[in-house]
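Novice: Dropping a structure here in structure tokens format, bear with me for questions.
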Amino acid sequence: MSYSVTPIGIVRSCFKEKFAIPRQPQLAPAARGVLELHPPFDQAHALEGLEQVSHVWLLFMFHQALEAEPRLRVRPPRLGGNRMVGVFATRATHRPNGIGQSVVRLERIEPGRLHLSGIDLLDGTPVLDIKPYVPYADSVAEARNDLAAAAPEPIAVHWTETSLEQVRREAIRLEEPLQALIEQCLAQDPRPAYQTPAPDRRYGTRLWDVDVRWHYPDPASITVVEVSRAER
Ligand code: SAM
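Note that the UniProt record's numbering numbers the sequence shown so that position 144 is 144, with each residue one more than the last.
Below you can see the structure in the form of structure tokens.
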């Protein structure tokens with residue numbers, strides 16, 4: 001038996017590439033986006049009452065990680081990328097039905113559009129459903145997860161004089177907390193855990209319409225070397 005689902009909307013996100021997106025929501029509060037609802041869910045009726053809710057669950061498709069063959073075991077980056085565990089013990093993107101879920105902050109509601117923050121979603125992510133976060137039911141005081149006991153330790157993020165000037169300029173142009181966004185995302189250390197970065201190796205990703213480049217002067221810290229407007 002199979003079922004088909006239809007997205008109710010699409011996320012316009014600050015994250016234009018998968019690399020350096022935090023591995024869970026809430027880790028980068030400055031990560032913002034807008035969920036644009038498709039008809040008929042763009043009508044005001046569908047959103048009535050949502051103004052009383054601070055956070056929502058989004059159920060979405062990992063549309064850039066869909067695979068024909070299901071994986072039974074995966075190597076979560078969180079475990080160093082070389083240990084295999086059952087897919088259902090992880091929040092890996094490669095899943096039987098490609099469905100992800102994230103709790104995100106609902107900042108503001110406009111007709112047909114939800115402004116969100118703390119997202120971990122790629123630009124263009126199709127959203128299947130929205131549900132209100134229910135604190136008394138969704139927060140389980142005695143819950144434990146020994147595979148992911150706490151948020152990863154952040155690493156230090158530094159700037160050069162030039163990159164700091166650049167990020168401040170681009171933040172003003174974008175009217176976004178771009179410096180905080182970069183610091184929050186890079187502090188999660190996006191590189192795969194098994195990779196020891198050479199100091200001269202450059203890494204990069206695109207946030208909004210800017211390209212961000214950084215390197216690891218030593219394995220425990222990042223220096224942002226360039227923030228430049230992407231070529232259109
Ligand atoms: N919070 C969700 C969950 O638990 O289902 C996602 C967790 S998953 C480990 C987070 C990663 O998914 C991000 O780091 C990003 O690289 C990736 N991602 C986000 N949106 C995606 C999409 N639409 N398609 C494929 N990968 C995506």
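For glycine and all other residues, C-beta sits at the position ideal for the given N, C-alpha and C.
Mark R95 as exposed unless 16 or more other C-beta atoms lie within 10 angstroms of its C-beta, in which case mark it buried.
Specialist: Buried.
Novice: In whole angstroms, what separates the C-alpha of L121 from that of R202?
Specialist: Their backbone Cα atoms lie some 24 Å apart in a straight line.
Novice: In the DSSP assignment, find the beta strand (DSSP E) that holds R169 and state where it starts and stops.
Specialist: No beta strand (DSSP E) contains R169, which is instead part of the alpha helix (DSSP H) from 161-174.
Novice: Output needed for A44: all residues of its chain with C-beta closer than 8 Å, excluding positions within five of it in sequence on either side, in chain order.
Specialist: If we look at A44 and ignore the five residues flanking it on each side, its Cβ neighbours are P111.
Novice: Thinking just about the alpha-carbon of each residue, which of V104, P29, L79, P177 is nearest to the one in N145?
Specialist: Cα-wise, what sits closest to N145 is L79.
Novice: Helix, strand or coil: which one does DSSP assign to F88?
Specialist: Residue state, collapsed to three classes: helix.
Novice: Going by DSSP in three states, Y133 sits in which element: helix, strand or coil?
Specialist: Y133: coil per DSSP, three-state reduction.
Novice: Considering only the beta carbon of each residue, do V56 and I8 sit closer than 9 Å?
Specialist: Not in contact: V56 and I8 (Cβ atoms no closer than 9 Å).
Novice: Between the alpha carbons of L72 and V87, how many angstroms are there, rounded?
Specialist: Whole-angstrom Cα-Cα distance: 5 Å.
Novice: Which residues bound the alpha helix (DSSP H) around residue 299?
Specialist: Not covered by the structure: residue 299. The range shown for the chain is 1 to 232.
Novice: Run through the region 40-81 for me and flag every whole beta strand (DSSP E) of 3 or more residues, listed as ranges in chain order.
Specialist: DSSP runs (the beta strand (DSSP E)) wholly in the region 40-81: 55-61.
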